Amino acid sequence: YQRRGWDGAARQAIHHQQIDRYYQWLLGESSHVRRAFIEDLNTESIDAYMKSVGPHREHCRREILGIFPESHFVEPRPRTRVVHKAPTWTAYELVLDVFQGTHSYGYLNLPNDLKPGDRRPVVFCQHGGGGNPRMVTVGDNPTYRGFAGKLAERGFITYAPLSLYADAIVRRCNVIGKTQYSVIAAQYQQVIRWLKTLPFVHPDRIGLYGLSWGGKTAMRLPILVPDFSLTI
(Lines of atoms letter the chains of each structure in order from A; the text may use other names.)
(Lines give C-alpha, C1' and ligand atoms only; values in the text may rest on other atoms or scores of the structure.)
Protein backbone atom coordinates (compact mmCIF):
# COMPACT_ATOMS: atom_id res chain seq x y z
CA TYR A 1 0.00 0.00 0.00
CA GLN A 2 1.26 3.50 -0.83
CA ARG A 3 -0.41 6.75 0.17
CA ARG A 4 -1.75 8.89 -2.63
CA GLY A 5 0.70 11.62 -3.51
CA TRP A 6 3.58 9.90 -1.70
CA ASP A 7 6.98 10.73 -3.21
CA GLY A 8 9.75 8.68 -1.61
CA ALA A 9 12.51 10.43 -3.52
CA ALA A 10 11.31 13.86 -2.38
CA ARG A 11 11.06 12.69 1.25
CA GLN A 12 14.58 11.27 1.05
CA ALA A 13 15.84 14.58 -0.32
CA ILE A 14 14.21 16.44 2.59
CA HIS A 15 15.87 14.13 5.12
CA HIS A 16 19.22 14.59 3.39
CA GLN A 17 18.85 18.37 3.54
CA GLN A 18 17.94 18.21 7.23
CA ILE A 19 21.00 16.11 8.03
CA ASP A 20 23.21 18.42 5.97
CA ARG A 21 21.88 21.53 7.76
CA TYR A 22 22.46 19.87 11.12
CA TYR A 23 26.08 19.04 10.29
CA GLN A 24 26.66 22.53 8.95
CA TRP A 25 25.37 23.87 12.27
CA LEU A 26 27.73 21.53 14.16
CA LEU A 27 30.66 22.81 12.11
CA GLY A 28 29.75 26.37 13.01
CA GLU A 29 29.67 25.51 16.71
CA SER A 30 32.76 23.30 16.69
CA SER A 31 35.25 26.07 17.42
CA HIS A 32 33.40 26.94 20.65
CA VAL A 33 33.26 23.29 21.71
CA ARG A 34 36.95 22.83 20.93
CA ARG A 35 37.88 25.97 22.86
CA ALA A 36 35.95 24.78 25.90
CA PHE A 37 37.60 21.36 25.68
CA ILE A 38 41.15 22.73 25.81
CA GLU A 39 40.63 25.78 28.02
CA ASP A 40 42.20 24.07 31.06
CA LEU A 41 45.42 23.16 29.22
CA ASN A 42 48.45 24.85 30.79
CA THR A 43 50.80 25.96 28.00
CA GLU A 44 53.16 28.08 30.11
CA SER A 45 55.89 25.45 29.81
CA ILE A 46 56.44 21.96 28.42
CA ASP A 47 56.33 20.46 31.92
CA ALA A 48 53.09 22.27 32.75
CA TYR A 49 51.56 21.15 29.47
CA MET A 50 52.54 17.51 30.01
CA LYS A 51 50.96 17.56 33.47
CA SER A 52 47.66 19.01 32.23
CA VAL A 53 47.21 17.16 28.92
CA GLY A 54 46.58 13.71 30.42
CA PRO A 55 42.74 13.82 30.52
CA HIS A 56 42.58 15.16 26.95
CA ARG A 57 44.81 12.38 25.66
CA GLU A 58 42.78 9.78 27.50
CA HIS A 59 39.58 11.17 25.96
CA CYS A 60 41.16 10.94 22.51
CA ARG A 61 42.39 7.40 23.18
CA ARG A 62 39.02 6.08 24.30
CA GLU A 63 36.39 8.26 22.62
CA ILE A 64 37.93 9.40 19.32
CA LEU A 65 40.50 6.86 18.12
CA GLY A 66 39.61 3.90 20.34
CA ILE A 67 41.93 1.48 22.09
CA PHE A 68 41.73 -2.23 22.81
CA PRO A 69 42.17 -3.42 26.42
CA GLU A 70 45.36 -5.11 27.52
CA SER A 71 43.45 -8.35 28.13
CA HIS A 72 43.02 -8.82 24.35
CA PHE A 73 46.75 -9.30 23.73
CA VAL A 74 48.27 -12.77 23.34
CA GLU A 75 51.87 -14.03 23.28
CA PRO A 76 53.62 -12.78 20.10
CA ARG A 77 55.04 -16.13 18.85
CA PRO A 78 57.51 -14.44 16.44
CA ARG A 79 58.06 -16.01 13.00
CA THR A 80 60.78 -14.73 10.68
CA ARG A 81 62.41 -15.53 7.37
CA VAL A 82 64.91 -13.76 5.15
CA VAL A 83 63.25 -12.00 2.19
CA HIS A 84 66.04 -9.75 0.91
CA LYS A 85 69.82 -9.53 1.28
CA ALA A 86 71.79 -6.37 0.57
CA PRO A 87 75.54 -5.83 1.01
CA THR A 88 75.10 -3.94 4.29
CA TRP A 89 71.73 -5.07 5.65
CA THR A 90 69.21 -7.92 5.60
CA ALA A 91 65.39 -7.81 5.44
CA TYR A 92 63.40 -10.32 7.47
CA GLU A 93 59.69 -10.99 7.10
CA LEU A 94 58.29 -10.74 10.63
CA VAL A 95 54.92 -12.05 11.81
CA LEU A 96 53.68 -11.64 15.40
CA ASP A 97 50.40 -12.66 17.00
CA VAL A 98 48.55 -9.68 18.48
CA PHE A 99 45.02 -10.82 19.41
CA GLN A 100 43.47 -14.21 18.90
CA GLY A 101 43.05 -14.40 15.12
CA THR A 102 44.89 -11.11 14.53
CA HIS A 103 48.57 -10.71 13.69
CA SER A 104 51.07 -8.07 12.60
CA TYR A 105 53.19 -8.36 9.47
CA GLY A 106 56.13 -6.38 8.19
CA TYR A 107 59.78 -6.25 7.15
CA LEU A 108 62.40 -6.01 9.89
CA ASN A 109 65.60 -4.64 8.36
CA LEU A 110 68.82 -5.21 10.29
CA PRO A 111 72.29 -3.80 9.53
CA ASN A 112 74.83 -6.56 8.93
CA ASP A 113 77.43 -4.95 11.20
CA LEU A 114 75.55 -5.43 14.49
CA LYS A 115 77.99 -6.37 17.24
CA PRO A 116 77.51 -7.65 20.81
CA GLY A 117 76.62 -4.69 23.01
CA ASP A 118 75.27 -2.56 20.15
CA ARG A 119 71.99 -0.79 20.94
CA ARG A 120 70.66 0.73 17.72
CA PRO A 121 67.72 3.12 17.25
CA VAL A 122 64.64 1.78 15.45
CA VAL A 123 62.57 3.60 12.81
CA PHE A 124 59.07 2.39 11.92
CA CYS A 125 58.66 3.18 8.20
CA GLN A 126 54.93 3.37 7.46
CA HIS A 127 53.67 3.09 3.87
CA GLY A 128 50.79 5.10 2.44
CA GLY A 129 47.56 4.03 0.78
CA GLY A 130 48.22 1.29 -1.77
CA GLY A 131 51.70 0.71 -0.40
CA ASN A 132 53.29 -2.29 1.28
CA PRO A 133 56.45 -3.16 3.23
CA ARG A 134 58.42 -4.19 0.15
CA MET A 135 57.81 -0.86 -1.61
CA VAL A 136 59.10 0.94 1.47
CA THR A 137 62.16 -1.28 1.83
CA VAL A 138 63.53 -2.07 -1.64
CA GLY A 139 63.14 -0.90 -5.22
CA ASP A 140 62.86 2.48 -6.90
CA ASN A 141 59.20 3.33 -6.25
CA PRO A 142 59.06 7.12 -6.85
CA THR A 143 57.10 7.72 -3.64
CA TYR A 144 59.08 5.63 -1.16
CA ARG A 145 62.47 5.18 -2.84
CA GLY A 146 63.17 2.26 -0.51
CA PHE A 147 63.74 4.63 2.42
CA ALA A 148 63.55 1.86 5.03
CA GLY A 149 66.41 0.07 3.29
CA LYS A 150 68.40 3.29 2.90
CA LEU A 151 68.08 3.97 6.63
CA ALA A 152 69.27 0.41 7.31
CA GLU A 153 72.31 1.17 5.10
CA ARG A 154 73.10 4.02 7.48
CA GLY A 155 73.01 1.74 10.51
CA PHE A 156 69.43 2.14 11.71
CA ILE A 157 67.20 -0.81 12.48
CA THR A 158 63.99 -0.28 10.51
CA TYR A 159 60.60 -1.92 10.55
CA ALA A 160 58.17 -1.52 7.63
CA PRO A 161 54.70 -2.65 8.78
CA LEU A 162 51.76 -3.66 6.63
CA SER A 163 48.85 -1.61 7.96
CA LEU A 164 45.10 -1.64 7.40
CA TYR A 165 43.49 1.26 5.55
CA ALA A 166 40.62 -0.31 3.54
CA ASP A 167 37.17 1.25 3.99
CA ALA A 168 35.69 -2.16 4.86
CA ILE A 169 38.02 -2.39 7.86
CA VAL A 170 37.13 1.15 8.91
CA ARG A 171 33.40 0.39 8.93
CA ARG A 172 33.86 -2.84 10.89
CA CYS A 173 35.93 -1.02 13.50
CA ASN A 174 33.40 1.81 13.82
CA VAL A 175 30.62 -0.66 14.65
CA ILE A 176 32.44 -1.65 17.88
CA GLY A 177 33.44 1.90 18.81
CA LYS A 178 36.95 1.69 17.37
CA THR A 179 38.85 2.93 14.31
CA GLN A 180 41.43 1.34 12.04
CA TYR A 181 44.02 3.14 14.17
CA SER A 182 42.90 1.05 17.15
CA VAL A 183 44.05 -2.08 15.32
CA ILE A 184 47.24 -0.48 13.99
CA ALA A 185 48.11 0.76 17.49
CA ALA A 186 47.75 -2.75 18.90
CA GLN A 187 49.96 -4.15 16.14
CA TYR A 188 52.59 -1.45 16.71
CA GLN A 189 52.49 -1.98 20.46
CA GLN A 190 53.05 -5.71 20.13
CA VAL A 191 55.97 -5.19 17.74
CA ILE A 192 57.58 -2.60 20.01
CA ARG A 193 57.29 -4.82 23.06
CA TRP A 194 58.94 -7.65 21.17
CA LEU A 195 61.67 -5.39 19.74
CA LYS A 196 62.56 -4.19 23.23
CA THR A 197 63.43 -7.77 24.18
CA LEU A 198 66.16 -7.88 21.50
CA PRO A 199 69.69 -7.14 22.78
CA PHE A 200 70.60 -4.86 19.85
CA VAL A 201 67.57 -2.52 20.13
CA HIS A 202 67.78 0.77 22.04
CA PRO A 203 64.46 0.76 23.94
CA ASP A 204 64.28 4.55 24.32
CA ARG A 205 65.08 5.46 20.70
CA ILE A 206 62.14 4.22 18.64
CA GLY A 207 60.64 6.57 16.05
CA LEU A 208 57.88 6.57 13.44
CA TYR A 209 58.28 7.94 9.90
CA GLY A 210 55.17 7.88 7.69
CA LEU A 211 54.47 9.04 4.15
CA SER A 212 51.08 10.11 2.76
CA TRP A 213 48.43 8.03 4.59
CA GLY A 214 51.35 6.82 6.70
CA GLY A 215 51.83 10.45 7.70
CA LYS A 216 48.24 10.53 8.99
CA THR A 217 49.08 7.44 11.00
CA ALA A 218 52.21 9.10 12.38
CA MET A 219 50.09 12.03 13.60
CA ARG A 220 47.61 9.81 15.46
CA LEU A 221 49.56 6.84 16.78
CA PRO A 222 51.70 8.56 19.47
CA ILE A 223 48.53 9.15 21.49
CA LEU A 224 47.81 5.41 21.47
CA VAL A 225 51.42 4.15 21.54
CA PRO A 226 53.48 6.25 23.97
CA ASP A 227 56.71 4.30 23.28
CA PHE A 228 57.60 6.44 20.24
CA SER A 229 60.23 9.03 21.10
CA LEU A 230 59.50 11.06 17.94
CA THR A 231 57.41 10.95 14.76
CA ILE A 232 57.78 12.39 11.26
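Here the sequence shown is numbered in the numbering used here, starting from 1 and rising by one per residue.
Even for Gly, the Cβ is constructed at its ideal location relative to N, Cα and C.
Bear in mind that the values here come from a model prediction, so they are computed numbers and not experimental data.
Contacting residues, own chain, Cβ-Cβ under 6 Å from residue i (five flanking each side not counted)
i	result
Gly117	none
Val170	Gln180
Leu211	Gly128
Tyr209	Val123, Cys125, Ile232
Leu230	Gly207
Per-residue burial, residue i [other beta carbons within 10 Å of its own, 16 or more giving buried]
i	result
Pro161	buried
Pro142	exposed
Ile14	exposed
Met219	exposed
Pro133	buried
Gln187	buried
Gln9	Reading the sequence as shown, one finds Ala at residue 9 and not Gln. Under this definition Ala9 is an exposed residue.
Val33	exposed
Tyr22	exposed
Thr307	Because the chain in this structure spans residues 1 to 232, residue 307 falls outside the shown range and cannot be described.
Thr158	buried
Leu224	buried
Ile192	buried
C-alpha distance - residue i paired with residue j, whole-angstrom precision
i	j	result
Leu221	Gln17	35 Å
Asp227	Arg11	51 Å
Ile38	Glu29	15 Å
Val136	Pro69	30 Å
Arg172	Lys196	31 Å
Gly106	Val83	11 Å
Pro78	Trp25	50 Å
Arg120	Phe200	6 Å
Gly207	Trp6	60 Å
Leu94	Lys178	26 Å
Ser31	Ala166	30 Å
Ala86	Tyr92	12 Å
Thr217	Asn174	17 Å
Chain-order list of residues whose beta-carbon lies under 7 Å from that of residue i (same chain, five-residue window excluded)
i	result
Gln190	Phe73, Pro76, Leu96, Val98, Ser104
Gly131	Tyr144
Pro203	Lys196
Gln100	Val74
Leu164	Gln180, Val183, Ile184
Chain-order list of residues whose beta-carbon lies under 8 Å from that of residue i (same chain, five-residue window excluded)
i	result
Trp89	Asn109, Leu110, Pro111, Asn112, Gly149, Ala152, Glu153
Leu41	Tyr49, Ser52, Val53, His56
Quiz item: Touching or not, the stretch 61-80 and the stretch 31-51, by the rule of three or more beta carbon pairs under 8 Å?
Solution: No, the stretch 61-80 does not touch the stretch 31-51.
Practice problem: Answer yes if the stretch 134-141 comes into contact with the stretch 174-187, meaning at least three C-beta pairs across the two stretches below 8 Å, and no otherwise. | Solution: Judged by Cβ distances under 8 Å, the stretch 174-187 makes no contact with the stretch 134-141, as fewer than three pairs qualify.
Practice problem: Any chance you could list the alpha helix (DSSP H) runs of at least 4 consecutive residues sitting entirely within the stretch 46-95, in chain order? | Solution: Counting only runs of 4 or more, we get 46-52, 54-59.
Quiz item: Can you give, in chain order, each stretch of the alpha helix (DSSP H) that sits fully within the stretch 170-206 and has at least 4 residues?
Solution: Complete alpha helix (DSSP H) runs here, min 4: 180-195.
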